[in-house]
Each structure stands twice: as structure tokens, then as C-alpha cells.
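Residue numbers (the working numbering): 64 to 534.
In C-alpha cells, the structure reads:
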């Protein structure tokens, strides 16, 4: 997304033989986004390349991105990761490919974009048809430039700049497997198209106003047009703020729970066992950041069961804590751990910071088939993240209600999480103050649970080690 926005900041500039920076930076930005980020994002550059080759014959540039060299060093052999992604998703055969990970109806992206960009979505889709209308009703809107062999029509160049969003939306909509994140690269283009459409619509308004009043002067003095723009900006701002507040209040619990683990529960363990230094002689703003590295002495295991798909990522969990999965009703492939392997003296990985990246695990597959070795027994978990709906409980043999098992688990922290099945569509998608709105939603408890027996035992053991001076 960022590289698309950066590339487009150069691509929207007028092409010129003297402006080689436009071609250079535009090409490098598109290429970097595709190679470093996601190779399919290169489709967004198709109109730009078409313009460079056929609409305006400017200079060329061949990007040299050292990504292949870095990837090959990490994997211990020549590896072209972008090609691997394309090969699996397009040429993987009937047994492989993205459809293994779920499919969605054709209108998935339209609904998702409206949810996140509200009134900007119809504007973004109106941009190209609106440009055609402007060509006939307000041709002077883009300037009085006649196309020549050295300069294309402003309508042609603007149309080329509007095309990437339509192209991207069309490609993704045609795919059965859809995910919200796939639209991320085109977000800047959606905003650009919407801004262009807003500008064109204002031109239509001015044209009609002049036609009916026969007074260009009155049109220039009228507040009608500026207020129209302001109303669109105000509407999308209010709706976007409401959506942000809904995400924060209704769906943020998974992030908050992991944050509480790091900032409250782990410091508590260190404090009760004598591993947390005291800084009572210092003011609060002078106290150093808590060093959580001694937590490794506990050998803690954080487990995730049915909430694997909402878990925000192990990178938010401090080093020294193992993140593992407990068997649930899900029957697909879940991530595994990087293995600690010995590095041969002649291996290229000795030059890499994480030598284990070149190890090919045997318990992985590209068919989304479940691997039982990726699970750990429930009784080996010190902490567990789970979601419970007390008003509408759902449980099964593999997904019991851990949060109500008070004999085994303590509730370290719980935060409300929207119960989508029993909340209204509009009120769960957007936030508004007041009981009348909030009463249409129901919530569950998203909890960080602590295994009473295991954690208590580990506290005793570590405290004993600290008292003997072994830590």
C-alpha cells in the first residue's frame, strides 16, 4: 500500500522527456512493492507501463532490487520468492492454490470497501464514467490542451491514472478466495479516484448553475459548490470515526489481552519472585523500562485454541514465552515453530542472523492439511487465550468453555468482544453513543486465563532459585 502510494505520487505527474525522475521512481516504487511486498500488486502498474510505452514514449529504467540475493542467503539456496508465490497461487494445480483457504461471494470486496470507506466507494467507482461525462458536458474542466505527438490529451492521461483501481478491483473480485488485506495496495488509489470524481461532480454543478442562471460571475461567488465538497468530507469523516470507534470498542480485545500479558501479568510474576528491580527512589518518569528477559526462567507456554485466527501474532509476545496451539474444531494447517538446527561450517547461513530459516521442516505441507504435531496438550499450557459468550454459550468436546472452568483457570483479564451472531448489523459495524444504539449489541468475554496449579508451582520454583542465588 505504501509503495503504491509512493509510486502513484510520481505516476500522476505529467510525463515529459526531461522528467526522467518520474519514470525512475515510479518504476522502482511499483517494483519494490511487488518484489518486497506482494508480487500481484504489480498489476497496479499496468496502466503506468502502458502509458510509458504507447501513450508517451518516455525513457525506460530497469530496477535492480537485491531481494533475491537476501532471500537466497536466508534460505541457503537460490530462491525467487515472488515467483514461488505466483507459482503456487496460479500454477499450483487442482490440489493447491488459494481456494484451499476459503472462498467468498463476488460482492465481498464491495461490501468490505463500503464498510471501511463509506461514501468514498461510490465516488471512486464514478470517477471513470464521470470523466466520460465531463468530456461531453464540461470539456474545459481539464484545460484547453489539444493532443499532439508529444503530449496526450489530459482526458487520456487522467483515464490511465484512474484505471489501476478498477483493474485491481476486477482482478480480485474474479478470484474465489478473497481477503480484506488483498485490497490494501489499492487503498490510496481508491482515495485518488474519489477525489477526482468529487472534482468532476463539482464541475457538473457549476456547468448546470451557469446554464440556468446565465451568470459565470454568480457561479464563482456561490458557496453551493464548496459546501458540497465540505459535506462529502464531513460525511466520510464522521462515518470513518464511527467505524474506528467500533473497531476499538467491539473488536480490539485480542490486542488488549496480549498487551495486558506483557505489561501487567509478566511484571507481576517477576515481582512476586524477586526478579523485578525496585526503583522506589526514582520518580515514575525516571524509572527505566521493565526488563522482561528474566521471564525465560519460568519456561512459560501461552496457548491459543479456537481463537487462533484472531491471535494478533507471536511478535507481540515477549521473548522467552512459547506460543502454541491447542486442538480445536479447526482442521486446517496451523503455523509451526522454527527449528533450532546446527549450522554446518560451510553453510551460507553462517552469514545470516537467523540460521534456522534455511531448515526445511518435515511437518509442513502446501495442501492445508492438518498436522497434529503442531498442537500441544492442554495441561501443558500456563496461559490460555479464549473467547466465551456467557449469554449465548457454545461449546463442544474440542472447544469447551475454558473461561468458566474456575477449578483450573483464573481470569487474569477479560475484555468485552462483540457477539456478531446476536448483534444487529448496523450497530456492530459502527459506533454511536447512547443506550438506544448500544442496546442492540451483545458481548462476550475475551480472556487471558492462567492455569492455577502450573503457574503457582512455577512461581514457587523460581522464587526458590532466586533465594539460593541460582538466578
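Just so you know, even glycine gets a beta-carbon here, dropped at the ideal spot from N, CA and C.
- Ranking 342, 228, 521, 307 by CA distance to the CA of residue 351 puts 342 first.
- Annotation: residue 153 to residue 144 spans about 14 Å, alpha carbon to alpha carbon.
- The C-alpha of residue 240 lies about 39 Å from the C-alpha of residue 328.
- Excluding residues up to 5 positions away in sequence, 451, 456, 458 lie with their Cβ nearer than 7 Å to the Cβ of residue 464 in the same chain.
- Beta-bridge partners assigned by DSSP to residue 514: 472.
- With a threshold of 16 other beta carbon atoms within 10 Å, residue 449 meets it and is buried.
- Residue 507 is bridged by DSSP to 480.
- If only uninterrupted alpha helix (DSSP H) runs of at least 4 residues are considered, none is enclosed by the segment 351-386.
- Per DSSP, the continuous beta strand (DSSP E) segment holding residue 451 begins and ends at 446-451.
- Per DSSP, the beta bridge partners of residue 438 are 388.
- Residue state for residue 270 is assigned as helix, using DSSP reduced to three classes.
- Under the three-state reduction of DSSP, residue 97 is assigned to helix.
- Residue 308 sits close to residue 494, with the two beta carbons spaced by under 8 Å.
- Taking the Cα positions, residue 348 is about 16 Å away from residue 354.
- In the assembly as shown, residue 487 is an exposed residue. Its beta-carbon has fewer than 16 other beta-carbons within 10 Å.
- Within the same chain, Cβ atoms closer than 7 Å to the Cβ of residue 474 are found at 466, 510, 512, the five residues on either side in sequence being excluded.
- Of the candidates 156, 314, 502, 380, 314 places its Cα closest to the Cα of residue 477.
- The segment 423-438 and the segment 389-396 touch, with three or more beta-carbon pairs separated by less than 8 Å.
- Counting only the Cα atoms, residue 397 lies some 11 Å from residue 429.
- Rounded to the nearest whole angstrom, the C-alpha separation of residue 96 and residue 102 is 8 Å.
- Comparing alpha carbon positions, the residue from 297, 303, 265 closest to residue 286 is 265.
- Counting along the chain, the unbroken alpha helix (DSSP H) around residue 67 starts and ends at 65-74.
- Where residue 192 is concerned, the enclosing alpha helix (DSSP H) starts and stops at 183-200.
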